[in-house]
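Residue numbers (the UniProt record's numbering): 1 to 681.
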């Protein structure tokens, strides 16, 4: 039996009423109502209802035919809503609140702004200006893109005299293609864009070919690619930033600090004059030299206390958000994320690289964050439904791992992993709940973080502890066997562990230590503060030896057949990269395996880029020999001469530099609280 009766409605009216048709204000909050309790036949009698409070219930959606023709104000806070498109049945709605519905995102905000033409207030904020932009400018640009896509790729596919079957076939292909290829605005709005593109495409076909519009009112399944929500209205996509860029903090009420490059230095390639190259290598490098990147944004979003004067906070780690499964969007160029998580000081930020918008910011006043990592968990969102969501792990000086459900804008838990600071964290690529934490307590721990239920209850457990001889600085799982071997760059060298869980030993010493050649061709151990895999076999490591980045073979260096632990093995060097001669430590490196690139920043704010696609084939052969000469950088991106309020920032160290998987954006983290975003042009 439904919880809602005529008597209940009359009793909960404000003021109480004797007839349903006289009720103008109705409070149905805190009644544990579910969607099935909203009986359209009963609600259709509320012909003059203007204000409805449904907060603090269990609604997951709205029925499509509640028939409240005069509804102006609706409160749905603290429910379990998953979709908002049914709200279009209330065309006179002026004020809408649905805060604390964890499955609704920024995409849903944009949907209601489009669907409800009279909406003025959304979650307590005046959205009039933004809503007009969504309804007019956004729609106009998307319509132009949809029309252009039809004209370019589909118009000529349809014969002059076509059958219904031909029209049906081309409609299906067009709708799929246009949703995949028409991209506009920040990636955080990609779901809204696909939703609008499909709507516009169907209207276009109906007008052009006389087809009937899709009358199905049920909302389509969300794919939630890169979904985020923000407490602030998102800034419009950045226009031309060739002359002026901004240091931007969303919590500063006085606006952005303008930073003007007094001189933009051209990014010239650097090569050693005596380095002889084969024709194929020369050709490859010449092609790579045509690759150029331009600075897009300079952001100051990790300031302590949001101070404009903070140029001391060190930024340490950044990682691009993985793209959730999005149907046809499998092409890495199309689906590669442009949202990056960065950490440093007391905060973690999520940034849209294209627009420079800080989408979210998380603060812990007593923390200094050193590392962030993403995983994707399939979470239960109702009794019979599951959904993939991206989870961000952040850790640092306090030895605690924070777990953040980004779409819900909610830090749902923490793991007290170590008693000393955590230097770095990473998730297993094959076991989505397995998290490695490397700490200053000279231990690397493997955790199962579990999967939170719909109330965010979760259980974390420690699966393994790897004992290290010195502080672990960087860790990397071996791509060909990520469930069996882990590499770590430590203060005293590079080590390997067997991490297979079917072994009974929970606490394990290292299995191998790798030695590298020094100038006298002897082997020795160095601090290894940079470590990454370029492909399935080639390891890139950076040591404390000045100007030294080695590329070496995992398979040829590690003897898995040997017995016993703590064996010493010589790294089989494939090549050495020419890099800065600084002896400064902790300037780490990264790789872009899909494009076969290595990146490393230096002590002068520059980024050294190495395109190694011309070498990897030779290295992969059984007889691959070490390159005799150091490989020069393909390109060095020079730090622009920025002026902040008329003054140059202090000495700039590049602590970390990371590219997205498609190498469209390059994010540079510095020692002076500036995040620089470069875009490949």
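Beta carbons: idealized from backbone N, C-alpha and C, even for Gly.
Same chain, Cβ closer than 8 Å to residue i, five either side skipped, listed in chain order
i: residue 370; result: 316, 317, 343, 395, 396, 397, 421, 422, 423, 424
i: residue 40; result: 63, 65, 66, 67
i: residue 35; result: 59, 60, 61, 62, 63
i: residue 573; result: 516, 517, 550, 551, 552, 626
i: residue 650; result: 311, 672
i: residue 26; result: 9, 12, 13, 14, 46, 49, 51, 52, 53
i: residue 23; result: 9, 10, 13, 17, 46, 48, 49
i: residue 33; result: 3, 4, 54, 57, 58, 59
Where the beta strand (DSSP E) containing residue i begins and where it ends
i: residue 197; result: Unbroken run through residue 197 is the alpha helix (DSSP H), 190-209; no beta strand (DSSP E).
i: residue 510; result: That residue, residue 510, is in no beta strand (DSSP E); it is neither H nor E in DSSP.
i: residue 553; result: 548-553
i: residue 143; result: Here residue 143 belongs to no beta strand (DSSP E); instead the alpha helix (DSSP H) covers 139-153.
i: residue 366; result: No beta strand (DSSP E) contains residue 366, which DSSP labels as neither H nor E.
i: residue 298; result: 293-299
i: residue 35; result: Per DSSP, residue 35 belongs to no beta strand (DSSP E) and is neither H nor E.
i: residue 576; result: 572-578
i: residue 315; result: 315-320
i: residue 25; result: 25-27
i: residue 342; result: 339-344
i: residue 587; result: Careful: residue 587 lies outside any beta strand (DSSP E) and carries neither H nor E.
i: residue 528; result: 528-533
Where residue i falls, given that 16 or more other Cβ within 10 Å makes a residue buried
i: residue 485; result: buried
i: residue 474; result: buried
i: residue 190; result: buried
i: residue 504; result: exposed
i: residue 359; result: buried
i: residue 162; result: exposed
i: residue 583; result: exposed
i: residue 209; result: exposed
i: residue 615; result: buried
i: residue 536; result: exposed
i: residue 137; result: exposed
i: residue 634; result: buried
i: residue 340; result: buried
i: residue 172; result: exposed
i: residue 188; result: buried
i: residue 621; result: exposed
i: residue 207; result: exposed
i: residue 580; result: buried
i: residue 366; result: exposed
i: residue 575; result: buried
Cβ shell of residue i (< 7 Å), same chain only, five flanking positions each side left out
i: residue 235; result: At residue 235, the pLDDT of 27 sits below 50, so the modelled position is not reliable and the matter cannot be decided from this model.
i: residue 465; result: 443, 445, 506, 507
i: residue 671; result: 314, 652, 653, 655
i: residue 92; result: 70, 71, 72, 118
i: residue 126; result: 120
i: residue 440; result: 420, 421, 423, 471
Cβ neighbours of residue i in the same chain (closer than 6 Å, five flanking residues each side left out)
i: residue 75; result: 53, 55, 97
i: residue 531; result: 474, 476, 489, 541
i: residue 117; result: none
i: residue 200; result: 142, 143, 146
i: residue 282; result: In this prediction, residue 282 scores a pLDDT of 35, lower than 50, which makes its location untrustworthy; no coordinate-derived value is stated.
i: residue 578; result: 630, 632
i: residue 386; result: 378, 380
i: residue 449; result: 433, 435, 460
i: residue 102; result: 408
i: residue 79; result: 57, 59, 101
Beta bridge counterpart(s) of residue i as assigned by DSSP
i: residue 379; result: 387
i: residue 502; result: None, per the DSSP bridge assignment.
i: residue 592; result: 597
i: residue 538; result: 553
i: residue 347; result: 344, 363
i: residue 515; result: 570
i: residue 543; result: 528
i: residue 401; result: 395, 415
First through last residue of the alpha helix (DSSP H) which encompasses residue i
i: residue 177; result: 164-181
i: residue 357; result: Here residue 357 belongs to no alpha helix (DSSP H), and DSSP marks it neither H nor E.
i: residue 43; result: 40-43
i: residue 54; result: First-last for residue 54: undefined, no H or E at that position.
i: residue 9; result: 6-12
Mind listing, in chain order, the continuous beta strand (DSSP E) runs of no fewer than 3 residues lying wholly within the region 461-500?
DSSP runs (the beta strand (DSSP E)) wholly in the region 461-500: 461-467, 472-477, 485-490, 493-498.
Beta strand (DSSP E) runs wholly inside the region 607-681, at least 3 long, in chain order:
Counting only runs of 3 or more residues that sit fully inside the region 607-681, the beta strand (DSSP E) segments are 607-611, 635-637, 642-644, 654-659, 665-670, 675-680, in chain order.
Beta strand (DSSP E) runs contained entirely in the region 60-133, provided each spans 3 or more residues
Listed in chain order, the complete beta strand (DSSP E) runs (minimum 3 residues) inside the region 60-133 are 73-75, 95-97.
List, from N- to C-terminal side, the alpha helix (DSSP H) runs of 4 residues or more that fit wholly inside the region 403-433.
The region 403-433 contains no whole alpha helix (DSSP H) run of 4 or more residues.
3 or more residues per run - each beta strand (DSSP E) lying fully within the region 434-463:
For the region 434-463, whole beta strand (DSSP E) runs of length 3 or above, ordered along the chain, are 434-439, 443-448.
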